[in-house]
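See structure below.
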Amino acid sequence: MEENNEMTYTQAVTELEQLVAKMQDPQCSIDNLTAYTKRSKELLDICRKKLTQADEQLKQILADLQNPG
């Protein structure tokens with residue numbers, strides 16, 4: 291598995307989708323459910339961080355466009 295700081299937003303979302311499918315499987319054990327939930331939280335944290343960074347960068351770019359120089 292890649293380090294969290296190297297994982298892209300798309301990779302995190304893809305893994306989240308895979309975990310959701312596993313969690314919805316009637317054969318999913320409680321032990322696995324706990325591990326999947328923990329990993330899902332980690333992935334959501336990665337996504338949140340990436341989205342926040344992108345938002346800040348876009349705001350800065352827009353501010354620079356409005357106030358050139």
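Quick note: the sequence shown uses our numbering, first residue 291, plus one each step.
The beta-carbon is built from N, C-alpha and C at its ideal position, and this holds for glycine as well.
- In this structure residue 333 touches residue 305 by the C-beta definition: roughly 6 Å separates them, less than 8 Å.
- DSSP places residue 356 within a helical segment (H, G or I) once states are collapsed to three.
- For residue 308, the enclosing alpha helix (DSSP H) stretches over residues 299-314.
- Between residue 348 and residue 317, the alpha-carbon positions lie close to 43 Å from each other.
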